[in-house]
Amino acid sequence: MKKELRIKKNKEFQAAFQKGQSFANRQFVVYALTKEGQDCFRIGLSVSKKIGNAVTRNRIKRYVRQSIFELNEQLAKGNDYVIIARKPAAEMDFFEVKKSLTHVLKVGKVLKK
3 MKKELRIKKN KEFQAAFQKG QSFANRQFVV YALTKEGQDC FRIGLSVSKK
53 IGNAVTRNRI KRYVRQSIFE LNEQLAKGND YVIIARKPAA EMDFFEVKKS
103 LTHVLKVGKV LKK
C-alpha cells in the first residue's frame, strides 16, 4: 500500500478508537472515522501477538491488505479505517478473509453494494 494510504501514528489510531464508529463480526473489528478534506481512505492494521507467531500475523495482514485493494472502488472515500484481527482470523484463507471483511464493512455501511 502507498504511504499516503496508511495509518502509522499512535495518535491517529487513538483518534479512530475514540471518535470513530466501530462494527465487528467474529473475525474483525473495524473502526471508521470520517475525515474532512481527505480525498482518499487510509487503512491501519492491528494484529495482536495473541493471534500467533510473526508468520501468522504477517499472513493475516497481507490478506487484509489485498482484500482492501480489491474492494478499493467500493469503499467510502475520506475515511480512516482501523482493522483489528481477532483470533479466528488465524485459521482463515484469503477468500474467507475477504468475505468476512466484506461482511463487516457492509454491516458498517461503508461499502457500496
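According to our numbering, the stretch in the sequence shown is residues 3 to 115, in order.
Built from N, CA and C at the ideal position, the CB exists for glycine as well.
Model, not experiment: these values are computed from the prediction.
If you run the structure through DSSP and keep just helix, strand and coil, what is residue i?
i	result
L107	helix
A92	helix
V57	helix
R28	coil
V84	strand
K78	At residue 78 the sequence reads Ala, which differs from the Lys that was named. Residue state, collapsed to three classes: coil.
L47	strand
Q40	coil
L73	coil
Rounded to whole angstroms, how far is the Cβ of residue i from the Cβ of residue j, which I believe are closer than 8 Å?
i	j	result
F25	G110	4 Å
L113	L73	7 Å
G54	A78	Wrong, their Cβ atoms sit about 31 Å apart, outside the cutoff.
N12	S102	About 26 Å separates the two Cβ atoms, so there is no contact after all.
Contact criterion: CB-CB distance below 8 Å. Does residue i meet it with respect to chain C?
i	result
Q23	Within the model displayed, chain C is absent; a lone protein chain is all it includes.
Among the options, which has the Cα closest to the Cα of residue i?
i	options	result
K5	N27, R88, R67	R67
F97	Y83, L107, S69	S69
F71	I86, K52, T104, K89	T104
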